[in-house]
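Going by the numbering used here, the residue at position 256 of the sequence shown is 256; the numbering climbs one at a time, nothing skipped.
See below for the structure under consideration.
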Amino acid sequence: MVGWAIAVHGGAGVDPGLPVERQEEARRVLERCLRVGAAGLRAGLPAVDVVEMVVRELETDPVFNSGRGSALTRKGTVEMEASIMDGHGRRCGAVSGLTTVKNPVSLARLVMDRSPHSYLAFDGAEEFAREQGVEVVDNSYFITEENMSMLKRAKEANSIMYDYRVPAPGVDSASAGLEGAKVGLLMNGLRISVYAPETVGCVVVDSNGWCAAATSTGGLMNKMSGRIGDSPLIGSGTYACGDCAVSCTGEGEAIIRSTLARDVAALVEYKGLSLQEAVDYAIKERLDEGMAGLIAVSRNGEVAYGFNTIGMFRGCATEDGFMEVSIW
Ligand code: ASP
């Protein structure tokens with residue numbers, strides 16, 4: 001028996017000007033999710049059930065970028081994606097291009113458990129959702145006022161809005177790659193004093209030492225319709241095996257190029273690095289210019305985080321009663 005552990009994230013890349021109330025709200029949601037997950041683990045649920053349950057909570061709450069509150073496409077619609085992986089037996093399921101499924105992570109779970117495939121997208125995924133009888137809602141359910149106004153600003157700035165590149169207060173804007181921008185204020189001429197929504201994820205090791213991971217997102221604000229990011233891609237945004245489980249967040253295109261989640265697991269599996277060493281190495285050496293973060297747990301009950309953005313909404317809890325939630 002190992003001590004169970006759970007970690008959650010609500011996305012990497014935080015606006016340094018994020019109002020304190022919004023920070024508090026995000027912390028409250030993460031803490032609530034950790035408690036839900038911890039209760040499941042105490043009740044003896046397997047890791048894969050717990051990651052699904054926790055990500056459902058996060059999808060249902062509009063604070064983060066998944067399910068309700070998802071980032072919008074250029075067309076102002078929502079196209080959600082998610083994946084889940086059970087390290088025990090290395091089974092996985094993924095979905096993309098969902099427009100009506102209330103909890104994408106649960107459809108990913110059904111792809112894993114009840115379809116002959118690993119990944120379904122767009123119309124086929126929606127058809128499968130109906131066959132399986134999962135809860136569906138109108139696309140407008142996912143769209144919040146806040147995200148509509150952010151999409152407007154992203155369009156005005158002709159930018160795919162994300163705040164991974166917003167420099168920390170006091171950092172020179174030129175060195176942070178924001179030519180001509182006042183520190184932390186502009187990106188492509190756009191004022192970034194807004195809350196950009198963030199992806200969610202959960203990793204768990206249960207008391208049998210089984211690991212699982214799940215990630216869910218609406219993707220990037222003002223993305224092209226049809227764009228698929230890292231979150232549903234097994235090995236990029238999500239991975240779990242006998243050794244560990246990993247969920248990533250950040251610039252999807254960079255995470256895809258670096259197969260970030262699988263690299264962390266491979267460093268543990270093949271090189272025998274500790275979980276934190278593997279996370280640090282992958283963040284430092286594998287992202288090139290990309291900005292990202294991740295959470296991980298190992299079969300021994302370790303928890304590790306890493307990010308090269310100025311913040312990542314995250315938290316963890318362990319069987320011995322430890323719990324923390326942090327942003328910066
Ligand atoms: N990785 C996500 C994507 O590129 C975005 C995020 O993590 O905030 O779709």
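Every residue gets a Cβ at the ideal spot worked out from N, C-alpha and C, and that includes glycine.
* Asked: Between the C-alpha atoms of residue 9 and residue 131, what's the straight-line distance to the nearest angstrom?
  -> If you number the sequence shown from 1, residue 9 lands on position 9. If you number the sequence shown from 1, residue 131 lands on position 131. Cα to Cα, the separation comes out at about 31 Å.
* First and last residue of the alpha helix (DSSP H) that includes residue 81? -> Counted from its first residue, the sequence shown places residue 81 at position 81. Boundaries around residue 81 are those of the beta strand (DSSP E), 80-86, since no alpha helix (DSSP H) includes it.
* Any contact of the segment 258-265 with the segment 277-293, i.e. 3+ C-beta pairs under 8 Å? -> Note that the segment 258-265 touches the segment 277-293; at least 3 beta-carbon pairs, one per stretch, sit closer than 8 Å.
* To do: For residue 324, write down the residues that DSSP places opposite it in a beta bridge.
  => Here residue 324 corresponds to residue number 324 of the sequence shown, with the count starting at 1. The beta-bridge partner set that DSSP reports for residue 324 consists of 316.
* By DSSP, does residue 234 sit in helix, in strand, or in coil? -> Numbered from its first residue, the sequence shown carries residue 234 at position 234. In this structure, residue 234 counts as strand in the three-state DSSP scheme.
* Among 199, 24, 254, which has the Cα closest to the Cα of residue 105? -> The residue given as residue 105 occupies position 105 in the sequence shown. When C-alpha distances from residue 105 are compared across 199, 24, 254, the shortest belongs to 199.
* Asked: Can the beta-carbon of residue 31 be found closer than 9 Å to that of residue 323?
  -> Numbered from its first residue, the sequence shown carries residue 31 at position 31. Numbered from its first residue, the sequence shown carries residue 323 at position 323. Yes; because the gap between Cβ atoms is below 9 Å, this pair is in contact.
* Asked: Should the segment 297-308 be called in touch with the segment 108-125, which here means at least 3 C-beta pairs below 8 Å?
  -> Too few Cβ pairs lie closer than 8 Å, so no.
* Asked: When DSSP labels each residue in this structure, what does residue 102 get in the three-state scheme?
  -> For the purposes of this step, residue 102 is identified with residue 102 of the sequence shown, where counting begins at 1. Note: residue 102 maps to coil in three-state DSSP.
* **Cβ neighbours of residue 76 in the same chain (closer than 8 Å, five flanking residues each side left out)** => Residue numbering aside, residue 76 sits at position 76 when the sequence shown is read from its first letter. Exclusion of the five residues before and after residue 76 leaves 143, 148, 151 as the residues of its chain whose Cβ lies within less than 8 Å of its Cβ.
* Does the ligand ASP have a heavy atom nearer than 8 Å to the CB of residue 255? -> Here residue 255 corresponds to residue number 255 of the sequence shown, with the count starting at 1. Yes, the Cβ of residue 255 comes within 8 Å of a heavy atom of the ligand ASP.
* Does residue 289 have its Cβ less than 9 Å from a Cβ in chain B? -> Looking at the structure shown, chain B is missing, and only one protein chain is on hand.
* To do: Determine, using beta carbons only, whether residue 242 and residue 90 come nearer to each other than 9 Å.
  => Looking up residue 242 in the sequence shown gives position 242. Looking up residue 90 in the sequence shown gives position 90. If you check the CB distance, residue 242 and residue 90 come in under 9 Å.
* To do: Compare the Cα-Cα distances from residue 327 to each of 321, 320, 309, 318 and report the closest residue.
  => Start at 1 with the first residue of the sequence shown, and residue 327 comes out as number 327. Of the listed residues, the one whose Cα sits closest to residue 327 is 309.
* Looking at C-alpha atoms only, which residue of 230, 118, 235 is the closest neighbour of residue 250? -> As a first step, residue 250 is located in the sequence shown; it is residue number 250 there, counting from the start. Selected option, being the one with the closest Cα: 230.
* Asked: Considering only the beta carbon of each residue, do residue 73 and residue 219 sit closer than 9 Å?
  -> Your numbering for residue 73 matches position 73 in the sequence shown. Your numbering for residue 219 matches position 219 in the sequence shown. The criterion of a C-beta distance shorter than 9 Å is satisfied by residue 73 and residue 219.
* Asked: For residue 187, does the count of other Cβ atoms within 10 angstroms reach 16, so buried, or fall short, so exposed?
  -> Start at 1 with the first residue of the sequence shown, and residue 187 comes out as number 187. Note that residue 187 scores a pLDDT of 46, beneath 50, so its modelled location is shaky; the value from the coordinates is reported in the next line. With a threshold of 16 other beta carbon atoms within 10 Å, residue 187 meets it and is buried.
* Asked: Hey, how far is the Cα of residue 195 from the Cα of residue 20?
  -> Sequence index remark: in the sequence shown, residue 195 carries index 195 (1-based). Sequence index remark: in the sequence shown, residue 20 carries index 20 (1-based). Legend: pLDDT at residue 195 = 48, less than 50; position of this residue unreliable, no value from coordinates given.
* Using CA coordinates, which residue listed in 208, 214, 275 is at the minimum distance from residue 43? -> Counted from its first residue, the sequence shown places residue 43 at position 43. Nearest of 208, 214, 275 to residue 43, Cα basis: 208.
* Report yes if the C-beta distance between residue 255 and residue 248 is below 9 Å; otherwise report no. => Your numbering for residue 255 matches position 255 in the sequence shown. Your numbering for residue 248 matches position 248 in the sequence shown. For residue 255 and residue 248, yes; Cβs fall inside 9 Å.
* Going straight from the alpha carbon of residue 53 to that of residue 212, what length do you get? -> Translated into positions along the sequence shown, residue 53 becomes position 53. Translated into positions along the sequence shown, residue 212 becomes position 212. Their Cα atoms are separated by approximately 12 Å.
* **Beta carbon of residue 205 nearer than 9 Å to that of residue 5** => Along the sequence shown, read from residue 1 onward, the residue named residue 205 stands at position 205. Along the sequence shown, read from residue 1 onward, the residue named residue 5 stands at position 5. A contact, by the Cβ cut-off of 9 Å.
* Asked: Closest to residue 25 by CA distance: which of 61, 39, 36 is it?
  -> Translated into positions along the sequence shown, residue 25 becomes position 25. Here the closest residue by C-alpha is 61.
* **Host alpha helix (DSSP H) of residue 122 (start-end)** => For this step, residue 122 is matched to residue 122 along the sequence shown. It spans 122-132 - the alpha helix (DSSP H) in which residue 122 sits, taken as one unbroken run.
* Got a sec? Which residues, its chain only, sit under 7 Å from residue 88 by beta carbon, not counting five neighbours each side? -> Position 88 of the sequence shown, counted from the start, is the residue given in the question as residue 88. Only 210 meet the Cβ criterion.
* To do: Grab the span of the beta strand (DSSP E) containing residue 305 for me, first residue to last.
  => By one-based count along the sequence shown, residue 305 stands at place 305. If you look at residue 305, you'll find it in the beta strand (DSSP E) that goes 303-307.
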